[in-house]
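Everything on this sheet refers to the single structure shown next.
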Amino acid sequence: MIHSIRRKTRQISLGGIKIGGGAPVTVQSMLKCHSWDIEKAKDAIQKLESAGVDIIRVAIPDMDSAKVFGKLKSESRVPLVADIHFDHKLAIASIENGADCIRINPGNMSGGDKLKKVIEAAKKAKIPIRIGINSGSIRSGLRKKYPDDQISAMGESLVEALKPFEEEDFTDIKISAKSSDAFETISIYRKISNLTDYPLHLGVTAAGSYANSIVKSSIGIGTLLCEGIGDTIRVSMTGDPVQEVVTGKKILKSLNLIEDNVPQIISCPTCGRCGVDLVKIVQEVEDSFASKKGNMTIAVMGCEVNGPKEAQDADLGLTFSKDLGIIFIKGKVSNRISRSESVDALIRAYESLMNRK
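Each residue of the sequence shown is one higher than the one before, counting from 96 in my numbering.
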């Protein structure tokens, strides 16, 4: 069942994908190659799409990057967001070349007329703008006003950043307010969720490499989603962007925020009772079920203590006794087989269950 306790936000449309207003939480990632290197960018887009990404962001550091945006669009089945800093001309050029959304930080795009031109271009193209604020976009006056309270300073920065957009009657907006600290990220999003009803893009920025990113992102993003805060997410990770998507999807899956119609594999951590190489077996099971469909929980447990008793709520499971593999369904033993054929037996049991549906 989809978790439904969500704070009500406005809804925007980004390349046909609904964000906010109760729409499913989407997972974003970012190209980590130069956008003008079309072949590399094309390959990266395809890999992200295969991983299940909903939206891809593309850095646009120069005019060459903006001018090839249309080519990237032709290679992508998902919406593309142009990430702009400093130069309003890059934002306008990206919009003219087909960007589905632009991401800007008003704090580093000085000059009211420049920002107004970007808003006018986005309004004409009927695309949304993501407003990103962070600790680096807090003006000096607010730092002095809140010397020991960065959360309040960022909250007031957001209110200030929204004014030029609302003065132009532009409300196709989503907001991000990230920190590299998980607790600070939670605190600022809690604050801004009470200041505005625009949809929120969640993420712990600069979260580090694989393990650090998973921990920080799961805490920061997961806590907020549990509180009903957040409409779209990105796991920031130094490394393969595909893993950002995989981690993001797993966060949503663990909170029952998506039903992706693929089996969920659970497994025990093993202990001295385990008499098999469960790490190898779990990997084999995950590989075998990676392309299979069915919203089913499958348990792979190391001994008869953990399975079937502790895993009795799983739809299907595999555990091991001293000499045998044991297949169980909803906590009841279904079959005993040799260890060597245990994974094959699990697959057969799964296919039998699916055929009954």
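Heads up, the beta-carbon is just placed ideally off N, CA and C, and yes, glycines get one too.
query: Under 8 Å, do CYS196 and ILE226 count as touching if we go by C-beta distance?; result: no
query: Rounded to the nearest angstrom, what separates GLN106 and LYS239 at their Cα positions?; result: 35 Å
query: Quick one, which of THR291, ALA217, GLU215 and SER274 has its alpha-carbon nearest GLU251's?; result: THR291
query: Could you tell me which uninterrupted beta strand (DSSP E) segments, each at least 3 residues in length, are contained entirely in the stretch 367-410, listed from first to last along the chain?; result: 392-395
query: Given this structure, state the Cα-to-Cα distance separating LEU126 from VAL173, to the nearest angstrom.; result: 13 Å
query: Residues in the same chain with beta-carbon distance under 6 Å from GLY397, minus the five sequence neighbours each way, listed in chain order, please.; result: CYS363, THR365, CYS369 and LEU373
query: Taking DSSP as the reference, what is the three-state secondary structure of SER145?; result: helix
query: Would you identify the three-state DSSP class for HIS129, choosing helix, strand or coil?; result: coil
query: Can you have a look at ARG198 and say buried or exposed, based on whether 16 or more other CB atoms are within 10 angstroms of its CB?; result: buried
query: Does the Cβ-Cβ distance between ILE424 and ARG431 come in under 8 Å?; result: no
query: On a CA-only basis, which of ILE187, GLY236, GLY202 and LEU109 is nearest ALA216? Give me that one, please.; result: ILE187
query: For the alpha helix (DSSP H) holding SER308, just list the boundary residues, first then last.; result: 305-321
query: Where do the ends of the beta strand (DSSP E) carrying ARG329 lie?; result: 327-329
query: Could you name the residues of the same chain whose beta carbon sits closer than 7 Å to that of HIS180, not counting the 5 residues immediately before and after it, in chain order?; result: ASN200 and ASN203
query: So ASP178 is in the beta strand (DSSP E); what residue range does that whole segment cover?; result: 175-178
query: So, using beta-carbon positions, are ASN307 and LYS273 closer together than 8 Å?; result: no
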